[in-house]
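K.L.:
Those letters in the sequence shown? Residues -27 to -1, 1 to 175, per mature numbering (1 follows the signal peptide of the UniProt record, and there is no 0), in order.
We put the beta carbon where it would ideally sit given N, CA and C, even for glycine.
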Amino acid sequence: MSFFTSWRLSPLPAFVGLSLLSTPALAFDSSGGSASLFIIVGLGGFTLLNSLMQGLFFFAGQYRNPIFAKRHVLSALIVPLLAFALTLYDHSSWSDFALNLGMIIVGVGLILLPLQLRQLNQPSNQHANWLLNLGAILVLGISYLVPPCALFAIILAHIAIASRPNTEAQKLIAKTMSYLILAASYALFGYWLFHLLSKFGA
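#1: Which word fits residue 31, buried or exposed, when buried means at least 16 other C-beta atoms lie within 10 angstroms of its C-beta?
#2: On a CA-only basis, which of 15, 9, 163 is nearest residue 69? Give me that one, please.
#3: For residue 148 and residue 6, what's the separation of their Cα atoms in angstroms?
#4: Residues in its own chain within less than 6 Å of residue 115 by CB, not counting five upstream and five downstream?
#5: Quick check: what's the CA-CA separation for residue 156 versus residue 81?
#6: Rounded to a whole number of angstroms, what is the C-alpha to C-alpha distance between residue 173 and residue 71?
#7: Give me the Cα-Cα distance between residue 126 and residue 20, rounded to the nearest whole angstrom.
#8: Within 10 angstroms of its Cβ, does residue -7 collect 16 or more other Cβ (buried), or is it exposed?
#9: Please classify residue 136: does DSSP put it in a helix, a strand, or coil?
#10: Buried or exposed for residue 13, please, with buried defined as at least 16 other CB atoms from any protein chain shown within 10 angstroms of its CB.
#11: Rounded to whole angstroms, what is the Cα-Cα separation between residue 169 and residue 150?
#12: Let me confirm a value: residue 119 is counted as buried when at least 16 other C-beta atoms fall within 10 Å, else exposed. Which label applies?
#13: Which of the three DSSP states is assigned to residue 8 in this structure?
#14: Which runs of the alpha helix (DSSP H), 4 residues or longer, sit entirely within the region 21 to 102?
#15: When you compare each of 135, 61, 163, 39 to residue 101 by their alpha carbons, which one comes out closest?
#16: Go ahead and label residue 91 buried or exposed: buried means 16 or more other beta carbons lie within 10 angstroms of its beta carbon, across all protein chains shown.
#17: Determine the direct distance from the alpha carbon of residue 42 to that of residue 74, and round the result to whole angstroms.
#18: Roughly how many whole angstroms lie between the Cα atoms of residue 48 and residue 54?
#19: So residue 52 packs on residue 83, CB below 8 Å; how close in whole Å?
#20: Out of 36, 153, 78, state which residue places its alpha-carbon closest to the alpha-carbon of residue 93.
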């Protein structure tokens, strides 16, 4: 076999030629990732728990009060506003900006549901405090896996205390349960907040 034939059949020349024509590799660009992560994990998780609270408040008859519904919506809109501000600050291209904006709009649409639910004239529930306490216990159980969720349990327990049961016996038992939930929720949330602040201070 001639030298020319062996050189032509060898993969080495092709490898050398392709390596000379190769373009420089681009480093991984993490811009836009923080906003997307916050929207998927933060806004998504918040919307899920907020939807649970919307169901509890609706069946407990809390949305019969239009002021309560508006306050719930206005307070819940803080999270998508933070997500929108983070999206404006941290986006790499218009495509990921549009994707993040679309997810924020879906979240805002779900947050605005109480304004529609209050028009259904759901009658007041005489077992509203029990319903809210059970919801708070469920959220408290989730909080042992995700400690920031204890804030939702605190809100539910406070609203359960403010509700008015029909009998004094119901009032005593329900309020005792609400205070126990509050004690556990505040302790868990405070413990998580203390560790979070200690990490920032370190």
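P.N.:
The answer reads as follows:
#1: buried
#2: 9
#3: 44 Å
#4: 122
#5: 32 Å
#6: 32 Å
#7: 15 Å
#8: Model confidence at residue -7 stands at a pLDDT of 46, short of 50, so the residue's coordinates are unreliable; what they give is reported in the following sentence. When all chains shown are included, residue -7 counts as exposed.
#9: coil
#10: exposed
#11: 28 Å
#12: exposed
#13: helix
#14: 39 to 49, 51 to 62, 67 to 84, 86 to 90
#15: 135
#16: buried
#17: 25 Å
#18: 11 Å
#19: Not quite, the Cβ-Cβ distance comes to about 11 Å (not below 8 Å), so this is no contact.
#20: 36
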